[in-house]
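Using this note's numbering, you'd call the opening residue of the sequence shown number 21 and step up by one each time.
Beta carbons are placed, not taken as given, at the ideal position from N, Cα and C, and that holds for glycine.
To start, the structure under review is shown below, and the notes come after it.
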Amino acid sequence: MNDAALRRALQKAIDRRAPLRQRTPTTNAFRLVNARGDALPDVTVDLFDKVAVLSLYRDLPPDEEVRLAEAVRQTSGARAVYLKRRPREARVAANVAKSEVAPESPITGERVDELTVLENGVHFVIRPGQGLSVGLYLDMRDTRQWVREQIRGRTLLNTFAYTCGFGVYAHHGGAARAVNVDLSRRVLDWGEENLRRNGFLPDRRDHLAGDCFEWLKRLAKKGETFDVVVLDPPSFSTSRSGRFSAARDYPKLAAAAAPVVADGGWLVACCNLQQLSGARFEAMVQAGIAQAGRSARLIQRLGPSAIDFPSTSDEPPGLKVRVYEVRSR
21 MNDAALRRAL QKAIDRRAPL RQRTPTTNAF RLVNARGDAL PDVTVDLFDK VAVLSLYRDL
81 PPDEEVRLAE AVRQTSGARA VYLKRRPREA RVAANVAKSE VAPESPITGE RVDELTVLEN
141 GVHFVIRPGQ GLSVGLYLDM RDTRQWVREQ IRGRTLLNTF AYTCGFGVYA HHGGAARAVN
201 VDLSRRVLDW GEENLRRNGF LPDRRDHLAG DCFEWLKRLA KKGETFDVVV LDPPSFSTSR
261 SGRFSAARDY PKLAAAAAPV VADGGWLVAC CNLQQLSGAR FEAMVQAGIA QAGRSARLIQ
321 RLGPSAIDFP STSDEPPGLK VRVYEVRSR
């Protein structure tokens with residue numbers, strides 16, 4: 021694609037996001053380019069206020085990377101563009117900083133080590149040079165908002181919490197309690213900083229570091245239950261419990277989570293694996309809940325916003341979110 025065609029495609033993508041850009045006082049983080057949905061295959065751009073994160077899902081020559089980054093900077097008005105190279109073998113390393121796939125310095129523009137952005141009026145700390153993941157997964161925006169609208173007076177268990185996005189939203193929504201679980205203490209500390217940026221005092225007892233399967237087992241053994249349980253695992257991961265693959269192991273995860281959902285409570289099951297169909301995902305979650313001896317009723321289907329995550333018939337939305345009401349049989 022020549023420079024003129026590239027800039028036209030980028031400008032069209034920017035224009036499509038006008039409704040989000042008009043919400044700047046409450047939201048200044050959104051996806052600017054969504055691959056085929058914006059006629060730019062294998063390219064995504066996330067805009068965090070004035071910092072753009074350019075992700076490439078195929079190898080490009082260095083001069084092409086720079087050309088694309090410069091076009092993004094000039095059309096979006098970003099102060100800096102950070103590059104994330106995401107070939108297939110790198111996608112499993114979501115939270116690992118590797119200089120060859122996620123350089124610490126921007127490919128163009130001035131270095132910004134940390135900034136705070138707004139999403140629906142909620143503050144989040146973004147660190148654009150810290151690995152492939154920079155602090156917030158933007159495709160979950162609508163689901164986080166849905167949880168905030170439902171959570172008042174209820175309790176939340178947020179597993180695979182990363183920087184505690186659901187937990188922060190829950191505090192804003194008036195949750196009675198929000199517990200976050202993640203394998204990494206580092207990202208939980210990041211989540212605690214997110215809480216502080218929003219005026220909340222974090223409780224270390226509600227930020228549990230360790231394997232999510234093990235924590236689900238411990239909580240169930242203690243008889244603890246939560247009104248809302250969020251499952252948002254990576255598509256692939258490795259922990260003390262072994263290797264996890266969403267396409268293979270989601271029934272096992274749903275079975276582990278079902279006992280800690282209060283009777284009549286909700287299980288919010290999320291999966292971002294492109295190759296897994298929505299119907300297959302629903303069957304896997306329901307099978308896992310049934311395996312735990314509980315019944316499930318699908319009450320909501322959620323996903324990314326069509327405004328900044330447009331899709332095509334060839335490339336449907338990767339994110340699937342299903343909300344189940346879980347009851348004892």
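Candidates the options, of which the one nearest residue i by Cα
i: Leu-152; options: Asp-66, Glu-302, Trp-235; result: Asp-66
i: Asn-54; options: Arg-347, Glu-345, Ser-348, Gly-338; result: Gly-338
i: Val-92; options: Ala-277, Leu-26, Leu-215, Gln-320; result: Leu-26
i: Gly-313; options: Ala-299, Pro-271, Gln-320; result: Pro-271
i: Ser-119; options: Ser-348, Arg-131, Glu-130, Lys-104; result: Lys-104
i: Pro-336; options: Arg-56, Ala-240, Val-201, Pro-222; result: Arg-56
i: Arg-225; options: Asp-202, Arg-87, Ala-59; result: Asp-202
i: Gly-219; options: Asp-83, Val-250, Val-142; result: Val-142
i: Tyr-102; options: Thr-136, Pro-81, Leu-138, Thr-64; result: Thr-64
i: Val-86; options: Asp-62, Gly-129, Pro-45, Thr-44; result: Gly-129
i: Arg-347; options: Val-132, Asp-269, Trp-286, Asp-334; result: Trp-286
i: Asp-209; options: Gly-173, Glu-84, Arg-172, Phe-144; result: Phe-144
Proximity of residue i and residue j at Cβ, strictly below 8 Å
i: Thr-163; j: Val-281; result: no
i: Phe-50; j: Asp-328; result: yes
i: Ala-190; j: Val-207; result: no
i: Ala-267; j: Gln-311; result: no
i: Ser-75; j: Arg-106; result: yes
i: Leu-52; j: Ala-72; result: yes
i: Ile-319; j: Val-343; result: yes
i: Asn-140; j: Gln-170; result: no
i: Gly-211; j: Gly-194; result: no
i: Phe-68; j: Pro-148; result: yes
i: Pro-279; j: Ala-240; result: yes
i: Gln-31; j: Thr-95; result: yes
i: Ala-277; j: Val-249; result: yes
i: Ala-29; j: Leu-80; result: no
Cβ separation of residue i and residue j, assumed to be a contact under 8 Å, to the nearest whole Å
i: Ala-229; j: Arg-205; result: 4 Å
i: Arg-317; j: Glu-345; result: 5 Å
i: Leu-221; j: Gly-185; result: Leu-221 to Gly-185, Cβ: 18 Å. No contact.
i: Asp-231; j: Ser-259; result: 5 Å
i: Pro-330; j: Asp-58; result: 6 Å
Separation of residue j from residue i, as counted between CA atoms
i: Ala-98; j: Arg-78; result: 23 Å
i: His-192; j: Arg-300; result: 34 Å
i: Ala-274; j: Val-199; result: 18 Å
i: Glu-134; j: Leu-215; result: 16 Å
i: Glu-244; j: Met-21; result: 56 Å
i: Arg-197; j: Ile-34; result: 38 Å
i: Ala-307; j: Asp-23; result: 50 Å
i: Asn-178; j: His-227; result: 10 Å
i: Arg-349; j: Leu-138; result: 42 Å
i: Gly-262; j: Ser-255; result: 14 Å
i: Cys-291; j: Ser-257; result: 13 Å
i: Asn-48; j: Arg-36; result: 15 Å
i: Thr-175; j: Val-288; result: 13 Å
i: Ser-315; j: Gly-284; result: 10 Å
i: Thr-183; j: Arg-217; result: 13 Å
i: Pro-127; j: Ala-100; result: As written in the sequence, residue 127 is Ile, which differs from the Pro given in the question. Each residue's alpha carbon lies about 8 Å from the other.
i: Phe-246; j: Glu-234; result: 17 Å
i: Ser-297; j: Pro-324; result: 15 Å
i: Val-44; j: Glu-213; result: A quick correction: the sequence has Thr, not Val, at residue 44. If I take the Cα positions, the gap works out to 22 Å.
i: Ile-146; j: Thr-46; result: 16 Å
i: Ala-113; j: Leu-158; result: Confidence in Ala-113 is poor, its pLDDT being 47 and thus under 50, which makes the residue's placement unreliable; the coordinate value appears in the next sentence. Near 18 Å, if we compare the C-alpha coordinates of Leu-158 and Ala-113.
i: Asp-269; j: Ala-38; result: 39 Å
i: Lys-70; j: Val-154; result: 14 Å
i: Arg-161; j: Gln-150; result: 21 Å
i: Asp-83; j: Arg-131; result: 20 Å
8 Å Cβ cutoff, residue i in contact with chain D
i: Gly-308; result: Among the chains of the structure shown, chain D does not appear; only one protein chain is present.
- prompt: Which runs of the alpha helix (DSSP H) spanning at least 4 residues fall entirely within the stretch 284-316, listed in chain order?
  reply: 298-311
message: Quick check on the DSSP output: what are the complete beta strand (DSSP E) runs of length 3 or more inside the stretch 226-258, in order along the chain?
response: 227-229, 246-251
message: Just to confirm the assignment: which complete alpha helix (DSSP H) runs, minimum length 4, are found wholly within the stretch 146-192?
response: 161-170, 185-192
- prompt: Hey, which unbroken runs of the alpha helix (DSSP H) at 4 residues or more fall wholly within the stretch 25-111?
  reply: 38-41, 82-96
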